[in-house]
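For what it's worth, my numbering labels the leading residue of the sequence shown as 149, then goes sequentially. I have placed the structure first, in the form of structure tokens, so that the comments after it can refer back to it.
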Amino acid sequence: MKLFTQHTDRMSLKLFFSIVVLCWFNTPGASQKAQYKVVKKFVRKINEVSKEYVFQDSVLKQIQSSKDLVIGYSEYNNTWRNVPVCYYLVCFAKRKCVAYKYALRPYTKVGENYFQLDTIDLDQETIDTIITGVKKNKPWEIKHKENDESGECEHVSPEKITFCSISDASSKTLILSTKTHYYLSSYYAPEFYEFNCCPGNKERMLFLSTIAPLFSFFRNASNKIKDKK
Numbered sequence: 149m150k151l152f153t154q155h156t157d158r159m160s161l162k163l164f165f166s167i168v169v170l171c172w173f174n175t176p177g178a179s180q181k182a183q184y185k186v187v188k189k190f191v192r193k194i195n196e197v198s199k200e201y202v203f204q205d206s207v208l209k210q211i212q213s214s215k216d217l218v219i220g221y222s223e224y225n226n227t228w229r230n231v232p233v234c235y236y237l238v239c240f241a242k243r244k245c246v247a248y249k250y251a252l253r254p255y256t257k258v259g260e261n262y263f264q265l266d267t268i269d270l271d272q273e274t275i276d277t278i279i280t281g282v283k284k285n286k287p288w289e290i291k292h293k294e295n296d297e298s299g300e301c302e303h304v305s306p307e308k309i310t311f312c313s314i315s316d317a318s319s320k321t322l323i324l325s326t327k328t329h330y331y332l333s334s335y336y337a338p339e340f341y342e343f344n345c346c347p348g349n350k351e352r353m354l355f356l357s358t359i360a361p362l363f364s365f366f367r368n369a370s371n372k373i374k375d376k377k
């Protein structure tokens with residue numbers, strides 16, 4: 149009977165510690181700690197591969213200085229200059245994550261604010277998807293810069309290249325920034341070139357794969373913002 153009791157006590161103690169460990173790994177705190185370790189790795193890598201730079205825009209500068217890491221993209225149409233420049237940013241600081249949609253208007257009416265900044269809550273699934281995408285794609289290795297489409301369609305037939313013409317689309321820029329550095333990669337009409345005209349460019353595919361969860365999240369969030377208004 150004594151042996152049975154000792155065995156039962158040991159089993160109970162083992163079960164107790166198993167439950168404690170299981171609960172610890174499933175608490176938001178544990179998840180946030182693991183998440184922030186990955187964020188710090190991203191910060192070190194971006195600082196390593198990029199030059200020191202602080203945004204000149206006052207709003208972006210404030211966001212950059214107050215966050216450890218910013219993952220996002222901007223969108224700008226060179227043709228329709230009355231369209232706002234929009235920034236879609238997911239920001240990490242002190243194990244917390246927040247998203248911003250920042251629209252900078254080139255022209256405003258009298259008494260109208262020249263910008264609009266919306267703060268958007270993120271769910272953990274979206275955060276995990278964004279972090280996983282950056283970890284997998286390593287977008288700081290994308291070397292492509294704006295206005296460099298030449299030579300990327302050599303694997304496509306000449307007949308199809310004839311239709312690779314677009315002049316009124318938007319440019320998208322991937323933004324990876326720390327408090328002191330940033331890394332940018334820009335494409336003009338990346339979806340058009342990849343899905344309709346000149347598919348298969350490895351770096352452009354990494355670019356689109358990285359911003360895809362951001363685009364999906366902010367598109368849905370923008371609809372919610374409009375509904376509230």
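Beta carbons are placed, not taken as given, at the ideal position from N, Cα and C, and that holds for glycine.
Going by beta carbon distance, what residues of the same chain come within less than 7 Å of residue i, once the five residues before and after it are set aside?
| i | result |
| --- | --- |
| T358 | G281, V282, N285, P287 and L322 |
| P347 | none |
Could you work out which residue in the options is closest to residue i when comparing CA atoms only?
| i | options | result |
| --- | --- | --- |
| F263 | F340, V233 and V191 | V233 |
| P338 | F365, T326, E200 and D316 | D316 |
| S198 | L332, I278 and F363 | L332 |
| V207 | L237, S334 and V231 | L237 |
| T328 | R192, Q180, V186 and K181 | R192 |
| F355 | S370, S319, V186 and C345 | S319 |
| N261 | Y250, D271, L270 and D269 | Y250 |
| K185 | E342, F340, L217 and L265 | L217 |
| K242 | Q180, E342, L324 and E200 | Q180 |
| Y330 | S364, E200 and Q183 | E200 |
| Q210 | L265, Q272, I194 and K291 | L265 |
| K188 | C312, S370, Y341 and K244 | K244 |
| E419 | F363, A182, T326 and D271 | The structure shown does not extend to residue 419, since the chain is modelled only from 149 through 377, so no value can be given for it. |
| F365 | E351, D271 and C345 | D271 |
Which residues mark the beginning and the end of the alpha helix (DSSP H) in which residue i is found?
| i | result |
| --- | --- |
| E223 | Note, E223: premise wrong, no alpha helix (DSSP H); beta strand (DSSP E) at L217 to N225. |
| V231 | Unbroken run through V231: none, as it is neither H nor E. |
| K209 | S206 to S214 |
| G281 | Q272 to N285 |
Which stretch, first to last residue, makes up the beta strand (DSSP E) that contains residue i?
| i | result |
| --- | --- |
| L265 | F263 to I268 |
| S334 | Y330 to Y336 |
Should residue i be labelled buried (16 or more other beta-carbon atoms within 10 Å of its own) or exposed?
| i | result |
| --- | --- |
| E297 | Confidence at E297 is low in this model, with a pLDDT of 49, below 50, so its placement is unreliable and the value that follows should be read with caution. The residue in question, E297, is buried, as its Cβ has 16 or more Cβ neighbours within 10 Å. |
| P254 | exposed |
| R367 | exposed |
| A247 | buried |
| T267 | exposed |
| I314 | exposed |
| F240 | buried |
| P176 | Legend: pLDDT at P176 = 45, less than 50; position of this residue unreliable, value from coordinates given subsequently. Under this definition P176 is an exposed residue. |
| N349 | buried |
| Q212 | buried |
| S334 | buried |
| Q291 | Looking at the sequence provided, one finds Lys at residue 291 rather than Gln. The residue in question, K291, is exposed, as its Cβ has fewer than 16 Cβ neighbours within 10 Å. |
Does DSSP classify residue i as helix, strand or coil?
| i | result |
| --- | --- |
| A104 | Residue 104 cannot be examined here, being either before or after the span of the chain that is shown, 149 to 377. |
| F343 | helix |
| S198 | coil |
| F240 | strand |
| I290 | coil |
| K327 | coil |
Could you pull out every residue in the same chain whose Cβ sits closer than 6 Å to the Cβ of residue i, ignoring the five residues on either side in sequence?
| i | result |
| --- | --- |
| P361 | T277, I278 and G281 |
| N225 | V231 and S318 |
| Y336 | S319 |
| Q204 | none |
Whose C-beta lies closer than 8 Å to the C-beta of residue i among residues of the same chain, with five residues either side of it excluded?
| i | result |
| --- | --- |
| M353 | E342 |
| S370 | K249 |
| I194 | L217, W288, L324, S325, T326, H329, Y330 and Y331 |
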